[in-house]
Every structure is written in C-alpha cells, then in structure tokens.
C-alpha cells in the first residue's frame, strides 16, 4: 500500500510543477510585452503631443486632456465633461464621434494650436 501512495504523490508533484511552469511562462511573456522596445517607443511619442488643448465650443472654454495615442497615430483628447476630439501629428483637429460642434480648435494643426496658445506641453 505504501508504494501506491508514493506514486500518487509523485503525479501530484509533477502536475503542480507543470502548472507552476505554465504560470511562470505566461507571466514572463506578459512582462516581456510590457517592457519591450516597441512599448517604450509608444511612450516616447506622447511627448510629441500637447498634454492639454484649450478649445472654445459655443462660447464655453473646455480643457481637453490627452487620453491615448492609437497604433494608427491618432491622438484622442477628452474633456472632463466627456467631450472628445482627435488629431494626428500632422493632421487637423476634429471632434470625435458624438463630439460637439467645430469650436475654435477644429481644423487646426498641432502647430497652429500651439501658435494660438491653445496647446500646452509637459515640461521635459
């Protein structure tokens, strides 16, 4: 009887070791994705966009904060009252889907927004 129990313990230990290795491999895979050079390159591109854009829409001034930059290079800006706009590095700003009217940012490039004093960048 003692011999049969020993075999069962061995299988349980092997199963546990395989599970541990699987979890470890998954964790290392996730960490390598997070800390890959590609992920770091995306973080650097945030500095090319202003952190905040001030726009007047229907006589009301709104602060739009940089929310995300997609893989396609489109930056999304969101205001605290859930208005949204988008812009690319060389393109013109426009309201995002469901966004409110054109306002005084619409159609301007980032350079035009900066020159007009409407774009604010983080200090480096």
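In the working numbering, the protein residues as written are -1 to 122.
Positions of the beta carbon are idealized from the N, C-alpha and C atoms, including for glycine.
All values reported here derive from a predicted model rather than from experimental measurement.
Asked                                                                                                                             : Found
Backbone secondary structure at residue 86 - three-state DSSP                                                                     : coil
Beta-carbon contacts of residue 103 that lie in its chain and below 7 Å, excluding the five residues immediately before and after : 51, 53, 83, 91, 111, 116
Same chain only: Cβ atoms within 7 Å of residue 77, ignoring 5 sequence neighbours per side                                       : 60, 61, 62
Pair within 7 Å by beta-carbon distance, residue 108 and residue 49                                                               : no
Buried versus exposed call for residue 55 [16 or more other C-beta atoms within 10 Å across all chains shown]                     : buried
Option nearest residue 71 by Cα separation, candidates 101, 45, 58, 114                                                           : 45
Span separating the alpha-carbon of residue 127 from that of residue 58                                                           : Examination of residue 127 is not possible in this model, given that the chain is present from -1 through 122 alone.
One or two residues paired with residue 92 in a DSSP bridge                                                                       : 84
Proximal residues to residue 79 (C-beta, below 8 Å), its chain only, five neighbours per side dropped                             : 60
CB contact flag (residue 85, residue 73, <7 Å)                                                                                    : yes
Proximity to residue 105 [Cα-Cα], best of 89, 47, 64, 81                                                                          : 89
DSSP beta-bridge partners of residue 72                                                                                           : Per DSSP, none; premise fails for residue 72.
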